[in-house]
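Its first residue numbered 1, the sequence shown is counted upward by one per residue in the UniProt record's numbering. Cβ atoms here follow ideal geometry from the backbone N, Cα and C, with glycine treated the same way. Note that the structure is a prediction, hence the values are computed from the model and not measured.
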Amino acid sequence: MNPQANLIFIISLLLGTTITISSNHWIMAWTGLEINTLAILPLISKSHHPRAIEAATKYFLTQSAASALVLFSSMTNAWHTGQWDITQLTHPTSSLILTSAIAMKLGLVPFHFWFPEVLQGSPLTTGLLLSTIMKLPPIALLYMTSHSLNPTLLTTLAILSTALGGWMGLNQTQIRKVLAFSSISHLGWMAIIIVYNPKLTLLNFYLYAMMTATIFLTLNTIKVLKLSTLMTAWTKIPSLNAMLLLTLLSLAGLPPLTGFLPKWLIIQELTKQDMAPAAMLISLLSLLSLFFYLRLAYCTTITLPPHTTNHMKQWRTNKSTSTMIAILTTMSIMLLPISPMILTIV
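See below:
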């Protein structure tokens, strides 16, 4: 793709995200979402592969439907209350339609079918954008309307997302699909707490985006898309593979690592809200996703491929790892000890 065109699309993405996050009026928020959708489409379909075109088409159709529902919900609210302000979404029907629209935009169950397919058809860098920056505007809208959302509906969506995200990721061999189901599972954790403590949702999202960015950039560096090629990639940059192992365990939420922090805080908050059964259920369901993280981690570093493998061993590269990956990896692994400071900032 032409570098100038690429730059325009990236700037449009940032512009659309900024407009949605900073707007008070529903029409401006909707405009930002539309700019975002239109800017990411060429980045998804830039390889001109039939799968990429299919992914772009699926993405366009689902996001258009979700944007129409956002507009419909805001118009219904304005019709009944005379308010176009995002924080004044008080009509129950409007908040129900908005929850469905945001669930569709994020890829929460039962509106999750498009996300693994789109991620599988996109390049790794575009997959990174889809998993992180494209999730920020819908989460910001949920954050701004959190006081008027239906807790029962969101808890149900969250538990279903965690269950299906873990369950459907178990038998995947394509790493992008595994990461898509991992994203659905993490969105479940964010959705369950949004009504009770919206700041925790944002903290969870920031940490999730940081860890996912680390994994996508690492995979892009070692040029790996499937589990079978991940097994033979350890000869390229062994130290980076070791760090990838730790980042995957952090994304799984294992205790001494950064990823444990949001899970710990969410379980604590749910218990305070007398939702111990929901906390226990979502914790048990996250064990499903722990299995496929461990499988990825096992393929990354712990196993050596058999000598009869069809894949030739990769030559070790002398290229140094980028500073960005080094910083992100360090933060993805070592932020838990400074969690009190993070909580005072949030």
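Residue i and residue j closer than 9 Å at C-beta
i       : j       : result
Leu-98  : Ser-64  : no
Thr-301 : Lys-226 : no
Val-109 : Ile-21  : no
Leu-248 : Tyr-293 : yes
Ala-29  : Ile-102 : no
Ile-10  : Ala-52  : no
Phe-216 : Leu-179 : yes
Thr-17  : Pro-137 : yes
Lys-135 : Val-346 : no
Leu-129 : Leu-43  : yes
Leu-285 : Gly-166 : yes
Gly-188 : Ile-282 : yes
Pro-238 : Arg-316 : yes
Phe-60  : Thr-37  : yes
DSSP state of residue i mapped onto helix, strand, coil
i       : result
Lys-177 : helix
His-25  : strand
Lys-319 : coil
Lys-223 : coil
Residue of the options minimising C-alpha distance to residue i
i       : options                               : result
Leu-106 : Thr-81, Leu-142 and Thr-18            : Leu-142
Phe-205 : Ile-237, Thr-132, Ser-182 and Thr-221 : Thr-132
Ala-213 : Ile-345, Ile-325 and Pro-138          : Ile-325
Ala-140 : Leu-296, Asn-24 and Met-168           : Asn-24
Gly-32  : Ala-252, Leu-71 and Thr-218           : Leu-71
Leu-69  : Ser-100, Ile-222 and Phe-60           : Ser-100
Ser-182 : Asn-197, Tyr-196 and Tyr-208          : Tyr-208
Leu-287 : Lys-223, Leu-170, Thr-323 and His-112 : Leu-170
His-112 : Ser-67, Pro-151 and Thr-62            : Thr-62
Thr-323 : Thr-221, Met-104, Pro-3 and Met-231   : Thr-221
Pro-255 : Met-280, Ala-279, Leu-336 and Pro-3   : Leu-336
Same chain, Cβ closer than 7 Å to residue i, neighbours up to 5 away in sequence not counted
i       : result
Thr-58  : According to the sequence as given, residue 58 is Lys; it is not Thr. Closer than 7 Å at Cβ, skipping near neighbours: Trp-114, Glu-117 and Val-118.
Met-210 : Leu-328, Met-331 and Ser-332
Leu-15  : Ile-35
Met-1   : Lys-46
Ser-12  : Ile-35 and Ala-39
Ser-148 : Leu-89, Thr-90 and Ser-95
Leu-219 : Leu-124 and Ile-175
Ser-250 : Met-211, Leu-257, Thr-258, Gly-259, Ser-332 and Ile-333
Ala-297 : Leu-245, Leu-248 and Leu-249
Ser-146 : Ile-194, Val-195 and Pro-198
Asn-150 : Ser-95, Leu-96 and Thr-99
Cys-299 : Leu-227, Leu-230 and Met-231
Met-144 : Ile-86 and Thr-87
His-186 : Tyr-208
Met-168 : Phe-181
Spatial neighbours of residue i in its chain, beta-carbon cut-off 8 Å, leaving aside the 5 residues before and after
i       : result
Ala-78  : Trp-26 and Trp-84
Ser-339 : Leu-261
Thr-76  : His-91, Thr-93, Ser-94 and Ile-97
Cβ shell of residue i (< 6 Å), same chain only, five flanking positions each side left out
i       : result
Ala-252 : Leu-290 and Tyr-293
Lys-263 : Gly-253
Ala-56  : Leu-41, Ile-44 and Ser-45
Ala-279 : Ile-267, Leu-270 and Thr-271
Residue i CB to nearest heavy atom of the ligand NAD below 8 Å
i       : result
Leu-296 : Among the ligands in the structure shown, none appear at all, so the ligand NAD cannot be discussed.
Residue-level contact to chain D via CB, residue i, 9 Å cutoff
i      : result
Ile-19 : Protein chain content of the structure displayed is limited to a single chain, and chain D is not contained in it.
Original post:
Okay, do the region 120 to 135 and the region 231 to 243 touch, 3+ Cβ pairs below 8 Å being the bar?
Top reply: no
Subject >> Cβ contact (3+ pairs, closer than 8 Å) linking the region 154 to 171 and the region 188 to 200 >> reply: yes
Subject >> Touching by the beta-carbon criterion (3+ pairs, under 8 Å), the region 274 to 289 and the region 152 to 159 >> reply: yes
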